[in-house]
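*Asks:* What follows is a single structure, and I will ask about it in a moment.
There are 2 protein chains.
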Amino acid sequence: MSGDGEARAKPASIRDVARLAAVSYQTVSRVLNDHPSIRDDTRQRVLSAIQTLDYRPNQAARALASSRPNVLGILSATIGEYGTTSAIVAIERVARERGFSISTLNLPDASPEAIGEAVRQFDHEQVAGIIVLAPQVRVFNVIGGLGVRVPVASLHTGAGGTAESIASDQRLGASMAVQHLVALGHQDILHIAGPQDWIEAESRMHGYLDAMFEADLSTLPPIRGDWTADFGYFAGRELSGRRDFTAIFAANDLMAIGLMHGFRDAGVRVPDDVCVIGFDDIPVAAHTWPTLSTVRVDFAELGRRAVMHLLASIEQQPDPEFELLSPELIVRESTTSPAMRR
Amino acid sequence: MSGDGEARAKPASIRDVARLAAVSYQTVSRVLNDHPSIRDDTRQRVLSAIQTLDYRPNQAARALASSRPNVLGILSATIGEYGTTSAIVAIERVARERGFSISTLNLPDASPEAIGEAVRQFDHEQVAGIIVLAPQVRVFNVIGGLGVRVPVASLHTGAGGTAESIASDQRLGASMAVQHLVALGHQDILHIAGPQDWIEAESRMHGYLDAMFEADLSTLPPIRGDWTADFGYFAGRELSGRRDFTAIFAANDLMAIGLMHGFRDAGVRVPDDVCVIGFDDIPVAAHTWPTLSTVRVDFAELGRRAVMHLLASIEQQPDPEFELLSPELIVRESTTSPAMRR
DNA sequence: TACACTAATGTGAACGTACACATTCGAGTT
DNA sequence: AACTCGAATGTGTACGTTCACATTAGTGTA
Numbered sequence: 001m002s003g004d005g006e007a008r009a010k011p012a013s014i015r016d017v018a019r020l021a022a023v024s025y026q027t028v029s030r031v032l033n034d035h036p037s038i039r040d041d042t043r044q045r046v047l048s049a050i051q052t053l054d055y056r057p058n059q060a061a062r063a064l065a066s067s068r069p070n071v072l073g074i075l076s077a078t079i080g081e082y083g084t085t086s087a088i089v090a091i092e093r094v095a096r097e098r099g100f101s102i103s104t105l106n107l108p109d110a111s112p113e114a115i116g117e118a119v120r121q122f123d124h125e126q127v128a129g130i131i132v133l134a135p136q137v138r139v140f141n142v143i144g145g146l147g148v149r150v151p152v153a154s155l156h157t158g159a160g161g162t163a164e165s166i167a168s169d170q171r172l173g174a175s176m177a178v179q180h181l182v183a184l185g186h187q188d189i190l191h192i193a194g195p196q197d198w199i200e201a202e203s204r205m206h207g208y209l210d211a212m213f214e215a216d217l218s219t220l221p222p223i224r225g226d227w228t229a230d231f232g233y234f235a236g237r238e239l240s241g242r243r244d245f246t247a248i249f250a251a252n253d254l255m256a257i258g259l260m261h262g263f264r265d266a267g268v269r270v271p272d273d274v275c276v277i278g279f280d281d282i283p284v285a286a287h288t289w290p291t292l293s294t295v296r297v298d299f300a301e302l303g304r305r306a307v308m309h310l311l312a313s314i315e316q317q318p319d320p321e322f323e324l325l326s327p328e329l330i331v332r333e334s335t336t337s338p339a340m341r342r
Numbered sequence: 001m002s003g004d005g006e007a008r009a010k011p012a013s014i015r016d017v018a019r020l021a022a023v024s025y026q027t028v029s030r031v032l033n034d035h036p037s038i039r040d041d042t043r044q045r046v047l048s049a050i051q052t053l054d055y056r057p058n059q060a061a062r063a064l065a066s067s068r069p070n071v072l073g074i075l076s077a078t079i080g081e082y083g084t085t086s087a088i089v090a091i092e093r094v095a096r097e098r099g100f101s102i103s104t105l106n107l108p109d110a111s112p113e114a115i116g117e118a119v120r121q122f123d124h125e126q127v128a129g130i131i132v133l134a135p136q137v138r139v140f141n142v143i144g145g146l147g148v149r150v151p152v153a154s155l156h157t158g159a160g161g162t163a164e165s166i167a168s169d170q171r172l173g174a175s176m177a178v179q180h181l182v183a184l185g186h187q188d189i190l191h192i193a194g195p196q197d198w199i200e201a202e203s204r205m206h207g208y209l210d211a212m213f214e215a216d217l218s219t220l221p222p223i224r225g226d227w228t229a230d231f232g233y234f235a236g237r238e239l240s241g242r243r244d245f246t247a248i249f250a251a252n253d254l255m256a257i258g259l260m261h262g263f264r265d266a267g268v269r270v271p272d273d274v275c276v277i278g279f280d281d282i283p284v285a286a287h288t289w290p291t292l293s294t295v296r297v298d299f300a301e302l303g304r305r306a307v308m309h310l311l312a313s314i315e316q317q318p319d320p321e322f323e324l325l326s327p328e329l330i331v332r333e334s335t336t337s338p339a340m341r342r
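Read top to bottom, the protein sequences are chains E and H.
Once you know that position 20 of the first sequence is 20 in full-length UniProt numbering, the rest is easy, because the numbers rise by one and skip nothing.
Once you know that position 268 of the second sequence is 268 in full-length UniProt numbering, the rest is easy, because the numbers rise by one and skip nothing.
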């Protein structure tokens with residue numbers, strides 16, 4: 001399975017292409033870089049030479065000569081998290097289209113030391129920029145205090161000063177979830193939030209508060225979770241004794257699913273006794289019992305935008321403007337009107 | 001948030017270090033590469049010069065000059081898949097410890113064209129080796145027919161000739177799942193397999209067949225699924241009419257969960273009417289209704305082993321030997337003895 | 001003290017590309 | 001026909017490192 005075959009010829013260089021196309025190597029370089037002043041037949045000749053020789057520009061040489069690195073670092077501490085993966089795929093696509101390759105560095109946890117070390121590592125690898133998928137507030141403090149030489153963008157806050165643009169999509173999504181509960185007639189709505197330090201957790205909680213305020217409802221103190229289904233389970237058992245709410249908005253689907261399990265074990269029926277709505281629309285959300293209402297955000301688009309921001313920053317160009325993403329509300333069995341309960 | 005400070009001076013080169021340490025640049029290079037013939041005080045002088053100048057070797061120049069790449073490519077077509085992520089994290093760790101950086105290329109699908117293009121891309125990025133996380137049989141045909149210049153290893157088949165070593169862990173795990181059902185007293189056990197082309201699907205099906213054969217039970221024709229919960233759901237509705245089995249072994253948890261949903265909607269009770277066991281132990285498996293029995297395999301260790309294989313191949317050293325991983329059987333509510341049903 | 005041999009260091013070239021500048025070409029103007 | 005000017009192409013060099021080879025310093029032996 002190892003392809004270290006036999007006649008491993010040296011790969012063709014730009015000069016080989018030039019020779020075959022009967023032009024100078026510089027002309028080839030111009031074709032590669034889309035220079036305007038190239039006659040069309042010359043370009044064709046070069047392109048076909050490239051084709052026949054299966055020529056691929058040597059990235060190392062390119063990076064060296066231009067002294068402009070062509071690698072983008074993705075620093076992730078949330079690889080398990082749903083959404084991260086689709087964002088990563090999208091980021092890669094865009095980046096590769098723009099001629100960058102991707103170097104990923106996945107952290108098991110987001111401790112300041114680990115983050116610092118990771119950023120240093122990227123710095124050392126001389127990446128052109130870093131995209132951070134570790135949306136803890138403290139991560140940015142760490143990075144800020146590190147004196148990094150390269151631009152840094154985050155999936156969750158937007159690059160540079162546009163910190164609001166991306167985070168607010170999540171806030172809107174959370175609002176929609178709560179508005180849905182309100183529209184069903186719920187008044188006492190509890191929020192299971194994510195960890196204090198997480199930007200996403202804050203965004204989603206803000207969305208909850210927004211919607212409650214707008215509906216003129218009083219809020220209950222949110223419960224801080226850790227995103228895991230296991231936490232949701234224990235919270236469910238714990239909360240089964242309380243009667244001061246009729247619906248729960250969990251900051252992610254995993255906690256919502258655990259929650260429903262906890263309620264089930266405690267004899268609390270969902271949605272009859274308590275309604276539950278999550279956030280993310282993970283694949284199993286459509287198949288739990290009851291199936292889970294939730295909100296879907298286009299993480300791939302978020303990833304794409306993060307890259308755009310970062311590239312703009314790298315190329316010293318104005319930050320692109322995006323409109324707010326519209327999250328999608330997915331209504332399933334876990335949310336019903338309180339009137340329907342017996 | 002972008003750290004493009006102000007006095008961004010040109011980074012120090014090897015010659016700057018040499019000048020400061022009063023040696024030739026070649027001596028500096030030797031220090032960097034751990035050459036034996038360096039006097040200790042010279043080394044110290046160089047190292048301190050490196051320190052004061054905050055010198056970092058330029059990776060592009062290094063790769064160019066040595067034409068010995070220091071990047072490992074991870075080619076993945078299964079990023080969503082559970083297990084893939086933990087494997088990737090582990091792969092990165094090991095690879096970085098050994099001085100390689102990681103370039104990832106995630107494919108939305110595993111079409112031969114896409115695979116071919118991706119491998120070509122890596123080839124042209126001049127990676128030292130490629131780890132493939134796209135365990136379809138045809139992928140390897142594609143790669144084999146491509147005349148790749150670099151070593152390739154797979155998470156699922158083992159590198160080089162040791163194709164059995166890694167795949168058999170999965171086979172064993174599948175056997176354990178079925179043995180569990182047999183031990184409970186089930187005799188008519190149906191298998192929902194993965195897509196025909198997938199190595200993992202084959203391994204798990206073989207495990208099923210192994211266990212059935214060993215227990216001297218006759219098998220039912222497996223049903224081919226596509227790994228998704230949605231497929232599981234439709235299969236569940238479809239199968240609710242049949243009475244020729246009392247237990248199902250699904251090739252992954254997602255299908256198992258969908259299956260239970262389908263049964264539920266069709267009025268078939270799990271585990272009372274039919275028992276279900278999955279494979280993977282994804283986080284929600286502990287919180288579905290009923291909670292899902294399953295098998296857990298140490299994907300991180302698999303990843304680690306794949307890197308070891310690959311690095312051995314790159315450095316032209318003998319392939320490391322590993323013992324079989326022992327998967328772990330996780331028994332939950334979805335499997336009970338058929339005697340218990342009323 | 002001269003000799004050989006190894007340890008330690010230095011020199012010139014090469015890697016494959018991009019950039020700055022130099023040159024040639026061709027069409028339009030006078 | 002000579003002249004101008006921009007479009008199209010070519011030439012020299014730098015990027016920062018490693019490699020192959022050349023040189024010098026250092027140690028022991030006769």
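Note that beta-carbon positions come from the ideal geometry of N, C-alpha and C, so glycine has one too.
Note that this is a predicted model, so its numbers are computed, not measured.
What does H:Glu321 touch in chain E if you count any residue whose Cβ is under 9 Å from its own?
*Replies:* Simply none; closest approach about 17 Å.
*Asks:* Does the region 193-202 of chain H come close enough to the region 264-275 of chain H to have 3 or more Cβ pairs within less than 8 Å?
*Replies:* Cβ pair count under 8 Å is below three, so no.
*Asks:* Under DSSP, the alpha helix (DSSP H) around H:Thr27 begins and ends at which residues?
*Replies:* It spans 25-32 - the alpha helix (DSSP H) in which H:Thr27 sits, taken as one unbroken run.
*Asks:* Buried or exposed: which applies to H:Asn106, given that a residue is buried once 16 or more other Cβ atoms fall within 10 Å of its Cβ?
*Replies:* Buried is the call here.
*Asks:* Apply the 10 Å Cβ neighbour rule to H:Ala65 and answer buried if 16 or more other Cβ atoms are within range, or exposed otherwise.
*Replies:* The residue in question, H:Ala65, is exposed, as its Cβ has fewer than 16 Cβ neighbours within 10 Å.
*Asks:* Three-state secondary structure (DSSP) at E:Thr85?
*Replies:* In this structure, E:Thr85 counts as helix in the three-state DSSP scheme.
*Asks:* Would you kindly report the start and end of the unbroken beta strand (DSSP E) that includes H:Ser101?
*Replies:* Residues 101-106.
*Asks:* Please confirm whether E:Ile102 has its beta-carbon closer than 8 Å to some beta-carbon of chain H.
*Replies:* It does; some Cβ of chain H falls within 8 Å.
*Asks:* Can you list, in chain order, the residues of its chain whose CB lies under 6 Å from that of E:Asp109, leaving out five sequence neighbours each side?
*Replies:* No residues qualify anywhere along the chain.
*Asks:* By DSSP's criteria, E:Glu328 is part of a beta bridge. Which residues make up the other side?
*Replies:* Answer is E:Arg296.
*Asks:* Write down the C-beta distance between H:Leu53 and H:Leu20 rounded to the nearest angstrom, noting that I regard them as a contact closer than 8 Å.
*Replies:* Their Cβ separation, rounded to whole angstroms, is 6 Å, which keeps H:Leu53 and H:Leu20 in contact under 8 Å.
*Asks:* Name the chain E residues whose beta carbon is nearer than 8 Å to that of H:Thr52?
*Replies:* Here the premise fails: no neighbours, minimum Cβ distance about 16 Å.
*Asks:* Taking Cβ-Cβ distances shorter than 7 Å, what residues in chain H pair up with E:Gly258?
*Replies:* Per Cβ cutoff of 7 Å: His287.
*Asks:* Please name the residue in E:Val297, E:Gln316, E:Ala174, E:Leu47 whose C-alpha comes closest to that of E:Val23.
*Replies:* Taking only the C-alpha atoms, the option nearest E:Val23 is E:Leu47.
*Asks:* Are the region 319-329 of chain H and the region 170-178 of chain H touching, with three or more C-beta to C-beta distances below 8 Å?
*Replies:* Short answer: they touch.
*Asks:* Going by Cα to Cα distance, which pick from E:Gly232, E:Asp244, E:Gln136 is closest to E:Gly262?
*Replies:* Of the candidates E:Gly232, E:Asp244, E:Gln136, the one whose C-alpha sits nearest the C-alpha of E:Gly262 is E:Gly232.
*Asks:* If we ignore side chains and look at the alpha-carbon of each, how far apart do H:Ile257 and E:Asp253 end up?
*Replies:* In a straight line, the C-alpha of H:Ile257 is about 15 Å away from that of E:Asp253.
*Asks:* State yes or no: is the beta carbon of E:Tyr233 nearer than 8 Å to at least one beta carbon in chain H?
*Replies:* Closer than 8 Å to some Cβ of chain H, the Cβ of E:Tyr233 qualifies, so yes.
*Asks:* Return the residues of the region 211-245 of chain E that lie within a Cβ-Cβ distance of less than 9 Å from chain H, sorted by chain order.
*Replies:* Per Cβ criterion, the list reads Thr228, Ala229, Asp230, Gly232, Tyr233.
*Asks:* Considering only the beta carbon of each residue, do H:Val139 and H:Ile115 sit closer than 8 Å?
*Replies:* A contact, by the Cβ cut-off of 8 Å.
*Asks:* Would the beta-carbon of H:Arg296 fall within 8 Å of that of H:Asp281?
*Replies:* Closer than 8 Å, so yes.
*Asks:* For E:Pro318, decide whether its Cβ has a neighbour in chain H, counting only Cβ atoms nearer than 8 Å.
*Replies:* Cβ-Cβ to chain H under 8 Å: no for E:Pro318.
*Asks:* Leaving out five residues on either side along the sequence, give the residues of the same chain with a beta carbon under 8 Å from the beta carbon of E:Asn70.
*Replies:* Correct list, in chain order: Gln59, Arg62, Ala63, Gly99, Phe100, Ser101, Ala128.
*Asks:* Can you give the Cα-Cα distance for H:Arg39 and E:Val17, rounded to whole angstroms?
*Replies:* The alpha-carbon atoms of H:Arg39 and E:Val17 are separated by roughly 46 Å.
*Asks:* I need the DSSP call for H:Arg242, collapsed to helix, strand or coil.
*Replies:* Three-state result, H:Arg242: coil.
*Asks:* With 8 Å set as the bound, which would you pick, yes or no: does the beta-carbon of H:Asn252 sit closer than that to a beta-carbon of chain E?
*Replies:* So no, H:Asn252 is outside the interface.
*Asks:* Identify, in the order they occur along the chain, each residue of the same chain with its Cβ nearer than 7 Å to the Cβ of E:Thr42, setting aside the five sequence neighbours on each side.
*Replies:* Cβ within range, chain order: Val23, Thr27.
*Asks:* Sort out for me which residues DSSP pairs H:Ala153 with in a bridge.
*Replies:* Per DSSP, H:Ile131.
*Asks:* Consult DSSP for H:Gln136 and reduce its assignment to one of helix, strand or coil.
*Replies:* Reduced to three states, the DSSP call for H:Gln136 is strand.
*Asks:* Roughly how far, in whole angstroms, is the beta-carbon of E:Ala87 from the beta-carbon of E:Gly303, given that I think they are within contact range, below 8 Å?
*Replies:* Confirmed, Cβ separation roughly 3 Å.
*Asks:* Could you tell me whether the Cβ atoms of H:Glu333 and H:Pro290 are closer together than 8 Å?
*Replies:* Taking 8 Å as the Cβ cut-off, H:Glu333 and H:Pro290 qualify as a contacting pair.
*Asks:* What is the DSSP secondary structure of E:Phe322, counted as helix, strand or coil?
*Replies:* Note: E:Phe322 maps to coil in three-state DSSP.
*Asks:* With a threshold of 8 Å on Cβ separation, who are the neighbours of E:Ala230 within its own chain once the five nearest residues in sequence on each side are excluded?
*Replies:* It should be noted that the sequence gives Asp, not Ala, for residue 230 of chain E. Contacts found: Gly258.
*Asks:* Looking only at its chain, what residues have a beta carbon closer than 6 Å to the beta carbon of H:Ser13, apart from the 5 residues adjacent to it on each side?
*Replies:* Within the same chain, H:Ser13 has no close Cβ partners at all.
*Asks:* Please confirm whether residue 403 of chain H has its beta-carbon closer than 8 Å to some beta-carbon of chain E.
*Replies:* For chain H, the structure presents residues 1 to 342; residue 403 of chain H sits outside this window and is missing.
*Asks:* Please list, in chain order, all residues of the same chain as H:Ala215 whose beta carbon is under 6 Å from its beta carbon, the five residues on each side excluded.
*Replies:* Excluding positions up to five away in sequence, the list reads Val182.
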